[in-house]
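Undergrad:
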Amino acid sequence: MASAAKVRSKKLAANKDRLNQLLAELEELCLESADVGEIKEQISLTEKIYHESDALQGELLLDLDGEERQSAVEDWSKWRKLFRQRKSRAPAVRAGNGRLPEMKLPQFSGKVLEFPTFWAQFEASIHNQSYLDAATKFTYLISSTEGRARSSIEGIPLTAANYPQAVSILKARFGWPRMVVREHLTALWKLPACSEMSMRGIQSLVDEMTKHLRCLVALNKDPFAGPLPLSEAMMPMVRDKFPLELLKAWDTKLGPDAGEDED
Numbered sequence: 037m038a039s040a041a042k043v044r045s046k047k048l049a050a051n052k053d054r055l056n057q058l059l060a061e062l063e064e065l066c067l068e069s070a071d072v073g074e075i076k077e078q079i080s081l082t083e084k085i086y087h088e089s090d091a092l093q094g095e096l097l098l099d100l101d102g103e104e105r106q107s108a109v110e111d112w113s114k115w116r117k118l119f120r121q122r123k124s125r126a127p128a129v130r131a132g133n134g135r136l137p138e139m140k141l142p143q144f145s146g147k148v149l150e151f152p153t154f155w156a157q158f159e160a161s162i163h164n165q166s167y168l169d170a171a172t173k174f175t176y177l178i179s180s181t182e183g184r185a186r187s188s189i190e191g192i193p194l195t196a197a198n199y200p201q202a203v204s205i206l207k208a209r210f211g212w213p214r215m216v217v218r219e220h221l222t223a224l225w226k227l228p229a230c231s232e233m234s235m236r237g238i239q240s241l242v243d244e245m246t247k248h249l250r251c252l253v254a255l256n257k258d259p260f261a262g263p264l265p266l267s268e269a270m271m272p273m274v275r276d277k278f279p280l281e282l283l284k285a286w287d288t289k290l291g292p293d294a295g296e297d298e299d
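For the record, in the sequence shown the residue sitting at position 137 is 173 according to the working numbering, with numbers rising by one throughout.
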C-alpha cells in the first residue's frame, strides 16, 4: 500500500511539472498573438494533464492523514486556481492581440427587417456572454456589421465604455419597433402581383404575405384585432396582388352577402 502511494506521489509530482510547463507555454502563445488553432490545441493538452493530475490527487488524499493531508489539499488548490486563471484568460488575451476566438456570427447591413433576427442571434452569442469584456463585444459587433450599419458606429472609439453607446445607436436606428412595423407594411404593399393562375406563383405570394403578417403579430400589431382591423384596411391592396380569375372565384364562393370578417 505504501509502495503504491509512493508511486502515485511521484507521478503526481511529474504531472505538476508538466502542467506548469504547459501553462507557461499557453501564456506565451497568447502574449505572442499565436494562431487561434495553436492556442486551442495547447488548452486541450493542458486540460488532459490537469484532469489526470486531479484524479491522482484524489487517490493520493486517501493515503494521507492530518496535517499532511491538509497540506496536500492546500497545495492542489493553488494549482487548480492557476489552471482556471490561465484557461479563462486565454480568450481575453487573444482578443487584446486582435485575434478573436473564431465564432460564426450573423452579419447585419442595415436592413430594418433583418435587425430583430440579427440582434437576437448576436445577443445570445456575444452580448449576454459574461466571460467576454465590453471591448471584446464591441470588436465582435463591428465585425458583424457592414454597409449602413457599420457606418453608423464605425467612428466611435473602440473602448469598453463606448460599447453600450454603439448598441444603443444600432437599436435606435434600425430596431425601433414602429420603424420595423412600417417596414413590414411597406413590404406587404410592395409585393409583386401574381398575374397568372399558377400554384407556385400563388403559394409564393401567400408565403411572403404570411411571413410579414406573423412578424406584425409578434410586434403586438395583430392585423386581425381591434375595432378596425388592419386586415380590413389593407384588403383592397392585398386583393390586387392576386390574379383576377382567382378573385372572381373567391367572391363567388363568399357571395354578395358575406360579411367583412370573411375576407
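Even glycine gets a Cβ: it sits at the ideal position worked out from N, Cα and C.
Which residue marks the beginning of the alpha helix (DSSP H) containing Pro-213, and which one marks its end?
TA: Looking at the DSSP string, the run of the alpha helix (DSSP H) that includes Pro-213 is 213-225.
Undergrad: List the endpoints of the continuous alpha helix (DSSP H) containing Gly-183.
TA: Where Gly-183 is concerned, the enclosing alpha helix (DSSP H) stretches over 183-189.
Undergrad: What is the rounded straight-line gap between the Cα of Lys-140 and the Cα of Glu-182?
TA: Approximately 15 Å between the Cα atoms of the pair.
Undergrad: Between Glu-63 and Arg-122, is the Cβ-Cβ spacing less than 8 Å?
TA: Yes.
Undergrad: With distances taken Cα to Cα, identify the nearest neighbour of Ala-223 among Arg-236, Met-233, Ser-166, Asp-243.
TA: Nearest of Arg-236, Met-233, Ser-166, Asp-243 to Ala-223, Cα basis: Asp-243.
Undergrad: Which whole-angstrom value is the C-beta distance of Gln-143 and Ser-180, which I expect to be below 8 Å?
TA: With 8 Å as the limit, Gln-143 and Ser-180 qualify as a contact, their Cβ atoms being about 6 Å apart.
Undergrad: Pick out whichever of Ser-145, Glu-77, Met-235, Val-203 has its Cα sitting closest to the Cα of Arg-184.
TA: Closest option to Arg-184, Cα to Cα, is Ser-145.
Undergrad: Are there three or more Cβ pairs, one per stretch, closer than 8 Å when the segment 214-222 is compared with the segment 195-203?
TA: As far as the Cβ criterion goes, the segment 214-222 does not touch the segment 195-203, which means the pair count is below three.
Undergrad: My output table needs one value for Phe-151: the three-state DSSP class, helix, strand or coil.
TA: Helix, per DSSP.
Undergrad: With DSSP run on the structure shown, which of helix, strand or coil describes Phe-144?
TA: Strand, per DSSP.
Undergrad: DSSP state of Pro-200, grouped into three classes?
TA: Correct three-state label for Pro-200: helix.
Undergrad: By the three-class DSSP mapping on this structure, what secondary structure does Cys-230 have?
TA: If DSSP states are grouped into helix, strand and coil, Cys-230 belongs with coil.
Undergrad: Can you tell which of Ala-49, Asn-256, His-163, Lys-247 has its C-alpha closest to the C-alpha of Leu-115?
TA: Correcting the residue type first, residue 115 is Trp in the shown sequence and not Leu. Out of Ala-49, Asn-256, His-163, Lys-247, Ala-49 has the C-alpha closest to the C-alpha of Trp-115.
Undergrad: Hey, Ile-205 and Leu-194: beta-carbon distance below 8 Å or not?
TA: The answer is no: Cβ separation not under 8 Å.
Undergrad: Once DSSP output is grouped into helix, strand and coil, what is the label at Tyr-86?
TA: Of the three classes helix, strand and coil, the one that applies to Tyr-86 here is helix, per DSSP.
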